[in-house]
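Down below is the structure, laid out as structure tokens.
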Amino acid sequence: MTSNRSVAVAGLILAGGEGSRWGGPKAFARLPGGCTFLETCAETMRLAGLKPVAATAPPNVEDFGVEGLETISLPGPGLDMFSSLRDGLTHLASDQTWRAVVVLPVDHPLVAVDTVRLLGAASGNVIPSYRGKHGHPVRLTRTLGEQIVAGELPGPTLRDALRTASPMDLEVDDPDVVTNCNTPLALESALHRTTKN
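Just so we're aligned: the sequence shown equals residues 25 to 221 in our numbering.
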């Protein structure tokens, strides 16, 4: 895969969900060290060199209070992930500096900085995979992002929109691209695996 480090890459964290299976918004769930999922995702993107970095937020949250992170308060509760993605991309579209965006659901807080950095340095639309299984985050070109914003790619999921763009697979040595910490038990299992390794 051709590297293109001159392309400015933005970061978008999808963190506007209600977290019904967690018992509250997963953005505020905490890892053992005390940092929230959102803080961890934002720091991962910062260390990977992404800029700007923004996050969708539940409707009642106007500012996550995380330095360097733009907060996008969603217009209402219960939006699906694709609608949240579209709102996030609409916000980012006003910034003309980026040519690609890495999109990370907040319930994947264990993804490695190096993985995000590899995605940022790649070209085109990219889906990471671990041992042949697709995961998150994904890399979208600005063109694809603008098509989603314009409603030209209505989904209903990001995977559906990506299929139209013939995305490339990027095999990574990072099991956490396929680790969805959407329940306390899932997080516990992921941390147990990490400890064993």
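C-beta atoms are modelled at their ideal positions from N, C-alpha and C, and glycine is treated no differently.
What three-state label does DSSP hand ASN123 in the structure shown?
For the record, residue 123 in the displayed sequence is Arg; it is not Asn. Coil, per DSSP.
Pick from ASN149, GLU170, CYS205 that is closest to GLN120, judged by C-alpha positions:
In terms of CA proximity to GLN120, GLU170 leads the group ASN149, GLU170, CYS205.
Out of ARG54, ALA53, LEU128, which one is the CA nearest neighbour of THR80?
From the listed residues ARG54, ALA53, LEU128, the smallest Cα separation to THR80 is found for LEU128.
Take PRO191 as the anchor and find which of LEU168, GLY179, VAL173, ASN206 has the nearest alpha-carbon.
Per the Cα distances, LEU168.
The beta strand (DSSP E) enclosing THR114, as first and last residue numbers
THR114 -> not in any beta strand (DSSP E); alpha helix (DSSP H) instead, spanning 105-116.
At which residue ranges does the region 144-177 contain complete alpha helix (DSSP H) runs of 4 or more residues, listed in the order of the chain?
Whole alpha helix (DSSP H) segments, 4+ residues: 166-173.
Continuous beta strand (DSSP E) stretch holding THR80: start and end:
Per DSSP, THR80 is one residue of the beta strand (DSSP E) stretching across 77-81.
I think ASN149 touches LEU186, with their Cβ atoms under 8 Å apart; what is that distance to the nearest whole Å?
A Cβ-Cβ separation of about 6 Å places ASN149 in contact with LEU186 under the 8 Å criterion.
DSSP three-state assignment for THR139, whether helix, strand or coil:
If DSSP states are grouped into helix, strand and coil, THR139 belongs with the helices.
Less than 8 Å between the beta carbons of LEU36 and LEU98, yes or no?
No; because the gap between Cβ atoms is not below 8 Å, this pair is not in contact.
Give me, in chain order, the residues of the same chain whose beta-carbon lies closer than 6 Å to that of GLY21; leave out the 5 immediate sequence neighbours on both sides.
Past the boundaries of the shown model lies residue 21; the chain is included only from 25 to 221, so the question cannot be answered.
Within 10 Å of its beta-carbon, does ALA39 have 16 or more other beta-carbons around it, so buried, or fewer, so exposed?
Here ALA39 is buried: its Cβ has 16 or more other Cβ atoms, across all protein chains shown, within 10 Å.
Quick check: what's the CA-CA separation for ARG45 versus ALA51?
One C-alpha to the other measures close to 13 Å.
One question on the structure: do ILE163 and VAL31 come within less than 8 Å of each other, judged by their Cβ atoms?
Checking the displayed sequence, the identity of residue 163 turns out to be Arg instead of Ile. The answer is no: Cβ separation not under 8 Å.
Determine the direct distance from the alpha carbon of GLU63 to that of VAL196, and round the result to whole angstroms.
Between the C-alpha atoms of VAL196 and GLU63 there is a straight-line separation of about 23 Å.
My output table needs one value for VAL200: the three-state DSSP class, helix, strand or coil.
The amino acid occupying residue 200 in the given sequence is Asp; Val does not appear at that position. In this structure, ASP200 counts as helix in the three-state DSSP scheme.
Under a Cβ-count criterion, where at least 16 other Cβ atoms within 10 Å of its own Cβ denotes burial, should PRO56 be classed as buried or exposed?
The Cβ neighbour count for PRO56, taken over all protein chains shown within 10 Å, is under 16; the residue is labelled exposed.
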